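Residue numbers (full-length UniProt numbering), protein chains in the order written: chain A, 1 to 229; chain B, 1 to 229.
Don't be surprised by glycine CBs; every beta carbon is placed ideally from N, CA and C.
Just so you know, these numbers come straight off a predicted model, no measurement behind them.
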């Protein structure tokens, strides 16, 4: 109660299974007394491309554009584009970040990757030697909630898609842990398009149920052993 | 000689190190008698977002938009948007796909992820049970060539960033192998921004040198052991 949650949501269709998962999270967390903000990336037509347009005004080095350097400098002088400043404000205020999306090609959809690329700039999310446990977004939690096309059997160590944890490494360790954000167990709905209506309802109920005790969960141990043991 | 190469390039600045790597590849491969095509994603202002705009004309199911289903159906009736058809044509003609980019958050930049999301649709790159070794892009080679921010020591099994091969799994196995494309050893330039000018020149020379005998290389064994052993 009183906790702030930002849900970054990347699906085009409100009637989709991802749309249902979003709706459940908003309802359940609001009922708990949390303050919930949703960044609905497709509806916002969020820009995924990292370009010169992200810097308002002059460039630090107009001779050779370096996105990392330019956004870092722009952040320090308050010169990032308005859409980025708004997303950073939402992140800053949040106790918990939930990412809700369909897995596309073993990874998040480009529109969500663009959110990571553009919002989590140096100076804001990390800085020189302020990375991993020393990252600038310490004190926050994150949770990756997604659907897959392939089944749970395929996403096993012996399955053709490999252990599902392999695809979590770049997202959870490479992004969230890098910024100092703790990571809760991912919430994975396997192949909702290929199961019965009853099974889909069970999946939705399980998400709702998990959210009821979410704040009592301990973060995972974000070490290579968790992912590759 | 006579081979066709498509280079999908994702950097904003021609004067960057990635820009130099691109230039070297175009020059060296052209010199060998290859026909080289470049998709320069930022210059093309390539759209990374997977939306309804990718389908020309009517939708298969306008009641609930499903990107995977709609692009599959659109592909079959020749109803994908022009920019996708053009990229698919380039892929179809290529013997080798080279992806040249800076690693962003343990992954490819969003604009390049968007190329994967939108170009490699069902029906074109894979189909029902035509995946992995049976994928529809069989007979082609691919090569991921990228720069990193972190050093080679950091990207080792004991380093904080973990083995660099962990980040290759979603790209090489999850995308290329899934579509039936064989994968050559990646070409990785570690932290070019943090090394001496001399070292940078050595890195460029090494890329040029490798390209001279590229067509004699054997693809990697794209199994979990290669990535996680």
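Close-in-space but distant-in-sequence residues of the same chain around residue 65(B) (CB under 8 Å, 5 per side omitted): Hits under 8 Å: 52, 59.
Contact between the stretch 88-104 of chain A and the stretch 149-167 of chain B (3+ Cβ pairs under 8 Å): Taking 8 Å as the limit for Cβ pairs, the verdict is that the stretch 149-167 of chain B does not touch the stretch 88-104 of chain A.
Neighbourhood of residue 96(B) by C-beta distance below 6 Å, restricted to the same chain and skipping five residues each side: Only 5, 141 meet the Cβ criterion.
Chain A contact for residue 50(B) (CB, 9 Å cutoff): Taking a beta-carbon distance threshold of 9 Å, residue 50(B) counts as an interface residue toward chain A.
8 Å Cβ shell around residue 200(A) - same chain, five flanking residues per side excluded: Closer than 8 Å at Cβ, skipping near neighbours: 17, 192.
First and last residue of the uninterrupted alpha helix (DSSP H) at residue 8(B): Counting along the chain, residue 8(B) falls outside any alpha helix (DSSP H), though it belongs to the beta strand (DSSP E) covering 4-9.
Proximity of residue 131(B) and residue 91(B) at Cβ, strictly below 9 Å: No; because the gap between Cβ atoms is not below 9 Å, this pair is not in contact.
Residue environment, residue 30(A), which counts as buried when at least 16 other CB atoms sit within 10 Å: Per the 10 Å Cβ criterion, exposed.
Positions along the stretch 141-170 of chain B whose CB lies within less than 7 Å of some CB in chain A: Cβ contacts with chain A come from 160, 162, 166, 167, 169, 170.
Every unbroken beta strand (DSSP E) inside the stretch 92-142 of chain A [3 residues or more]: Whole beta strand (DSSP E) segments, 3+ residues: 96-102.
Neighbouring residues, chain A, relative to residue 64(B) (Cβ below 8 Å): Result: 13, 15, 16.
Alpha carbon of residue 160(B) to alpha carbon of residue 154(B), nearest angstrom: Within the model, the alpha-carbon separation for residue 160(B) versus residue 154(B) is close to 5 Å.
C-beta neighbour in chain B for residue 192(A), strict 9 Å: Taking Cβ atoms only, chain B never reaches closer than 9 Å to residue 192(A), which makes this a no.
Neighbour-count burial assignment, residue 221(A), 16 or more Cβ in a 10 Å radius: Classification for residue 221(A): exposed.
Nonlocal neighbours in the same chain, by C-beta distance under 8 Å from residue 76(A), ignoring five residues either side: Around residue 76(A), the same chain offers 123 as residues with beta carbons nearer than 8 Å, after the five sequence neighbours per side are excluded.
Beta-ladder partner(s) of residue 39(B), from DSSP: Residue pairing by DSSP puts residue 39(B) in a beta bridge opposite 8(B).
Residue closest to residue 43(A), alpha-carbon to alpha-carbon, out of 208(B), 44(B), 50(B), 9(B): Ranking 208(B), 44(B), 50(B), 9(B) by Cα distance to residue 43(A) puts 50(B) first.
Test: residue 228(A) CB closer than 9 Å to a CB of chain B: In terms of beta-carbon proximity, residue 228(A) lines the interface with chain B, with at least one pair separated by less than 9 Å.
Interface partners of residue 107(A) on chain B, CB under 8 Å: Ordered by position in chain B, the residues that pass the 8 Å Cβ test against residue 107(A) are 107, 113, 170, 174.
Three-way DSSP call (helix, strand, coil) for residue 195(A) in this model: Under the three-state reduction of DSSP, residue 195(A) is assigned to coil, being neither helix nor strand.
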